[in-house]
Amino acid sequence: MKIKTVIIITTLALTFSASNAQDKLSVSFDVILNGFVGDKMKASYENRILAQDAERLIEPFTVRDEHSCWQGEFWGKWFTSAVLAYRYIPTPELADKLKQAAYGLMETQTNDGYIGNYAPESRLKAWDIWGRKYCMLGLIAYYDITNDEKALESAAKEADFLIKELNDKNSKIVLMGNHRGMAASSVLEPICQLYVRTGNKKYLQFAEEIVSQWETDEGPQLISKADIPVSQRFPKPVDNWYGWEQGQKAYEMMSCYEGLLELFRITGKEEYKEAVEKTWQSIIDSEINIAGSGSAMEAWFSGREKQTIPIAHYQETCVTATWIKFNQQLLRLTGEAKYADEIERTFYNALLGAMKPDGSDWAKYTPLSGQRLEGSEQCGMGLNCCNASGPRGLFTIPQTAVMQSEDGAYINFYIDGTYHLISPENQKFAIVQNTNYPVSGKIDLNLVLEKDENMEIALRVPFWSTNYKILINGNTEYEAKNVLPGNYTKLKRKWKNNDKISIEFEMQGKIHRSGNTHEYVAITRGPIVLCRDERIGKPALEAILTPIINEKGIIDLVKEESSDPEVYMIFSAQFIPESYTEQGSQPIKVNLCDYASAGNSSYSFPFFKVWLPQLYNPRNQD
């Protein structure tokens, strides 16, 4: 049964990639992850995905008495993450759970096609279309792994009813719901998916109509405003921060752009892709912080320059997970390393920092200083939006770590495990990674091939890497002078069974500075943000500490053993503490841990800090 399911998944994935705008990369078809990342996947699989009571998520669809809340999203968020988890580990237990959840939802569909939880008089309003979107995404995802036509037909009926209802009521989708119609019109994504799977042109026509409405005076103008920073596209809301006037809502905006990329794949219209790429760059330049996420009060706010200060409701996990998904879409489409760089940074820091150590829960917000506090339940559903969103980001990683191209394979992430792919000559082969990256920068790759083949193996050189070495079968082939950081080293040759590629990235402590009059410093090592945490040693977090930097401008880090199983990595470094004596203070050893572990505890809420304030000294000011 497992083999049959994998074959179906592979066939469908290849079929659905066919469009006028071809993706550069496609997912590997069978992946086994080990080590730290494998443990995180297993924890979420067992304690979040399988533990979810799916019947509770379906119950609101049987009542249909809602007027303002978003219960309708929870089934689809959990279900799409569960499908990703099933693609990774297709167990009979999860297969049964998915079938029961899919058929349970379909049983709530009305004769006219509606699957939702809103009362008739409130349909199309608030979060109604948003909830319908997630139902369609879930049903289409189920069709993709099972080829169950009933699921596709049900999603199509939901879409047909939405189109009819908008026409019958003469309603513009950009005036429905919240956030300048971005929540409602993000339904563009499943509408495009339906067109690709059915070929029914009414879905393409509806998709184009949505984008056309975006560009009206009443719409979010996601294409024409792509040159404008994402936090400055509309005036700040006056009355209701979360209402229709909010045009900076981060999660919903990125969801619309995910849909626009799907439409680009169908139409090949460059203006769609260009708008997405410009917006991505705006988010990078003005919003994404050192941990790889952003947003305050769930909206873009020019946050990159403000990240050293305490920020209200910072780094919503829905935003973090969607940022990963957004980058995955662009990576798949373009094959550009910068998108993999961003996924890696976000995954190891902001995303894993939001996940409880045992995988059972997700934080709603994750600050850069303070505590990781519990979020609240929403809509009487027993969870909140971020509990449902977190795994959607997490389970993209097995699909993205190693990907296929028409020329061979792309190694995007260095994660211990085995990756099965299809070669350019259509033979199955495997790449086995042996590594404890990012604890160290050493990675050994082993190729498993039935026959020799000419192809390209592309290795990502991370943006932070200033010194690296690549060996093939023990012979040095590439060094840092050959390929700049933030690109792929492409190894083209005839590969044989058991060929070995050895990679070593030099992992150095890097100092980041922010602010002039009020200066702060932060420290990274490879993709990992390092933090102070009150659990791992003195002095108190309030102490003012100046890092000692060597002649190369690097802070020397020493690996320390962690006695706490919930703290992944600890490094020590030398700092100068504040002193009032004439001769100053002697250096002291200070421990730092990885951001994902900082403040992340099953039994307490420890304080932690990323950005360390520095002493103001008038002698050093202009």
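In mature numbering (1 follows the signal peptide of the UniProt record, and there is no 0), the protein residues as written are -21 to -1, 1 to 601. Beta carbons: idealized from backbone N, C-alpha and C, even for Gly.
**Message:** Starting from TYR65, trace the alpha helix (DSSP H) in both directions and tell me its first and last residue.
**Reply:** 51 to 67
**Request:** Below 7 Å CB to CB, which residues in the same chain sit around LYS448 once its five sequence neighbours on both sides are set aside?
**Result:** The answer, listed in chain order, is THR455, GLU458, GLU483.
**Request:** State the DSSP-derived secondary structure class of LYS252, mapped to helix, strand or coil.
**Result:** helix
**Item:** Cβ-based neighbour list, TYR97, same chain, cut-off 6 Å, excluding 5 preceding and 5 following
**Value:** GLU45, ASP107
**Request:** Evaluate contact between the segment 403 to 423 and the segment 334 to 350, counting only Cβ atoms and requiring at least three cross-stretch pairs below 8 Å.
**Result:** no
**Message:** I need the boundaries of the beta strand (DSSP E) containing GLN383, first residue and last residue.
**Reply:** 381 to 384
**Asked** Among the residues of its own chain, which have a CB less than 7 Å from the CB of ARG598, if the five just before and after it don't count?
**Response** none
**Request:** If I'm right that SER210 touches PHE280 with Cβ under 8 Å, what's the distance once you round it to whole angstroms?
**Result:** 5 Å
**Request:** Within its chain, find whatever has a CB closer than 7 Å to the CB of GLU194; leave out the 5 residues flanking it on each side and keep chain order.
**Result:** GLN200, ILE202, SER203
**Request:** Can you tell me which of the three DSSP states ASP2 falls into?
**Result:** coil
**Message:** Rounded to whole angstroms, what is the Cα-Cα separation between PRO169 and LEU426?
**Reply:** 37 Å
**Prompt:** Helix, strand or coil: which one does DSSP assign to LYS112?
**Reply:** In the three-state reduction of the DSSP assignment, LYS112 falls in the helix class, which pools H, G and I.
**Message:** Is the beta carbon of GLY273 closer than 8 Å to that of GLN260?
**Reply:** no
**Request:** Would you check if the distance between the CB atom of ALA388 and the CB atom of LEU373 is smaller than 8 Å?
**Result:** no
**Message:** Here's the rule: buried if 16 or more other CB atoms are within 10 angstroms of the residue's CB, otherwise exposed. What is ASP544?
**Reply:** Reading the sequence as shown, one finds Pro at residue 544 and not Asp. Classification of PRO544: exposed, given that the 10 Å Cβ count is below 16.
**Message:** Is it buried or exposed, PHE584, if we count other Cβ atoms within 10 angstroms and call 16 or more buried?
**Reply:** exposed
**Prompt:** Can the beta-carbon of ASN13 be found closer than 8 Å to that of GLY396?
**Reply:** yes
**Prompt:** the ligand FMN heavy atoms versus the CB of TYR327: any closer than 7 Å?
**Reply:** As for the ligand FMN, it is missing from this structure, which has no ligand bound.
**Request:** Could you check if HIS491 is buried or exposed, using at least 16 other CB atoms within 10 Å of its CB as the buried criterion?
**Result:** exposed
**Request:** For the alpha helix (DSSP H) containing TRP193, list its first residue and its last residue.
**Result:** 180 to 193
**Prompt:** Is the CB-CB distance between GLY156 and TRP109 below 8 Å?
**Reply:** yes
**the segment 471 to 489 / the segment 555 to 568 touching (three or more Cβ pairs under 8 Å)** = no
**Message:** Measuring CB atoms only, is the segment 472 to 479 touching the segment 517 to 533, in the sense that at least three cross pairs come out at less than 8 Å?
**Reply:** In short, these stretches do not touch, since the Cβ pair count stays below three.
**Request:** Could you please give me the residues that DSSP links to HIS399 through a beta bridge?
**Result:** ASP9, ALA409
**Request:** Check whether the segment 26 to 37 touches the segment 88 to 96, counting contact only when three or more Cβ pairs, one atom from each stretch, lie closer than 8 Å.
**Result:** no
**Prompt:** Can you check whether the CB of ALA316 is closer than 8 Å to the CB of GLY465?
**Reply:** yes
**Request:** Return the bridge partner residues of CYS510 from the DSSP annotation.
**Result:** CYS572
**Request:** For THR455, write down the residues that DSSP places opposite it in a beta bridge.
**Result:** LEU450
**Request:** Assign THR379 to one of two classes, buried (16 or more other C-beta atoms within 10 Å of its C-beta) or exposed (fewer than that).
**Result:** Its Cβ being crowded by 16 or more others within 10 Å, THR379 is buried.
**Request:** Can you check the segment 215 to 298 for any alpha helix (DSSP H) of at least 4 residues that lies completely inside it and give the ranges in chain order?
**Result:** 229 to 246, 249 to 265
**Prompt:** Going along the chain, which residues of its own chain have a beta-carbon closer than 8 Å to the beta-carbon of GLY361, five neighbours each way excluded?
**Reply:** ASP32, ARG35
**Assigned secondary structure, ALA30 (DSSP; H/G/I helix, E/B strand, else coil)** = coil
**Request:** Quick one: using the 10 Å Cβ neighbour count with 16 as the cut-off for buried, is THR70 buried or exposed?
**Result:** exposed
**Item:** Three-state class that DSSP yields for VAL175 in the structure shown
**Value:** helix
**Residue(s) in a DSSP beta bridge with ALA388** = GLN383, ILE436
**Cβ pair ALA342, VAL508 closer than 8 Å** = no
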